[in-house]
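Note sheet for the following structure.
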Amino acid sequence: MIDLDYLAFLENILTDNRKERFLNVLSNRTKHFTIAVEDVFQMHNTSAVMRSCEVFGIQELNVIEQRYGKKIDKEIAMGAQKWVDINQFDSVSNCIATLKNQGYQIIATTPHENDCLLEDFDITKPSALFFGTERDGLSEEILEKADGFLKIPMVGFTESLNISVSAAIIIQNLTNRLRNSDINWQLSEQEILEKRLAWARNSIKDIKRIEARYYEENPI
C-alpha cells in the first residue's frame, strides 16, 4: 500500500505546475497495451521505442536481452526512462509467460499469412506487441507462440521499416484509437498513486537524504 502521508510530503516539495502535469500525463497513461522488444542489436532503437512509449502513453516496456545485454541509451531516451517502467527479461519464454499471466495476448509485429493490417486490429483485448531485431526480425519462438500478427500497410518498394519507426507508427495509431474508444484503458487509482510516488521521487534531488529525514521524523 502507498504511504499517503509520505506521498503528500514529497508532493509538497514539488511545484503546483509539476503536480498538475503529473496528473494530466497519468490520465493518458495505459497498460491496456504493452510493448516488448527482442534482442535489439542497436540499443539506440530500444531507447527510441521507449521514447515513443512515453510520448504516446504506454506505461510499460518489456526488454528481452538474451544475446546483447545492453543498457538503455539515456541520451536517446531523453529522460523517458524516468517515466516509463522497464521490465527486463533474460529469455523469450519468461517474457511471454509473464505477459500471458497478466492477461495479454501476444501479438507479433511482422508480415504473416494470418496477419492483420494496423487499421483493422482489434483494440478491445489487452495486447503485448512484440518487435524484433533489425537483422533477423522476431525469433521463431515468438512467432510460434504468438496469438496474432500485425503489420503496417505499405505501398512502396521497401518492404520493411526500422524498428523504432514501426513502433512509433503502431503505438501512435493504437493509443489514439484507444483514447477515442469506450474501453476501460486507463490506469487504476492504485497504479496512479504508485506512479505519483515514483515520479515525485524521480523529480527530487537528494531524495535519499530527504527520505531518510522523513522516516526519522515519522518512524513506521
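For the sequence shown, the positions run 1156 to 1375 when this note's numbering is used. Backbone N, C-alpha and C define an ideal beta-carbon position, used for all residues, glycine too.
Query: Where residue 1282 sits in the DSSP three-state scheme; Result: strand
Query: Alpha-carbon spacing of residue 1268 relative to residue 1302, whole angstroms; Result: 13 Å
Query: Closest residue to residue 1260 among 1157, 1374, 1297, 1275 (Cα-Cα distance); Result: 1297
Query: Other residues of its chain near residue 1342: CB distance less than 8 Å, five sequence neighbours each side excluded; Result: 1181, 1184, 1185, 1186, 1214, 1350
Query: DSSP state of residue 1304 mapped onto helix, strand, coil; Result: strand
Query: Closest by C-alpha distance to residue 1308, when choosing among 1292, 1276, 1281; Result: 1276
Query: Residue environment, residue 1313, which counts as buried when at least 16 other CB atoms sit within 10 Å; Result: exposed
Query: Beta-carbon gap between residue 1124 and residue 1283 smaller than 7 Å; Result: Summary: the structure shown does not reach residue 1124, with the chain confined to residues 1156 through 1375, and so no result is reported for it.
Query: Whether residue 1377 touches residue 1273 by CB criterion (7 Å); Result: With the chain covering only 1156 through 1375, there is no way to say anything about residue 1377.
Query: Counted within 10 angstroms of its Cβ, other Cβ atoms place residue 1339 as buried (16 or more) or exposed; Result: exposed
Query: Anticipated Cβ contact below 8 Å, residue 1241 with residue 1210, distance rounded; Result: Not really, about 16 Å apart at Cβ, beyond 8 Å.
Query: Residue from 1161, 1250, 1245, 1170 whose Cα sits closest to the Cα of residue 1300; Result: 1250
Query: Residue 1370 - DSSP class collapsed to helix/strand/coil; Result: helix
Query: Whole-Å CB distance - residue 1358 paired with residue 1169, under 8 Å assumed; Result: 6 Å
Query: Backbone CA spacing between residue 1208 and residue 1326 [nearest angstrom]; Result: 7 Å
Query: Within 7 Å, strictly: CB atoms of residue 1166 and residue 1367; Result: no
Query: Option nearest residue 1178 by Cα separation, candidates 1316, 1263, 1264, 1238; Result: 1238
Query: Rounded separation between residue 1252 and residue 1281 - CA only; Result: 15 Å
Query: Endpoints, the alpha helix (DSSP H) within which residue 1346 is located; Result: 1344-1358
Query: CA nearest to the CA of residue 1292, picked from 1317, 1175, 1271; Result: 1317
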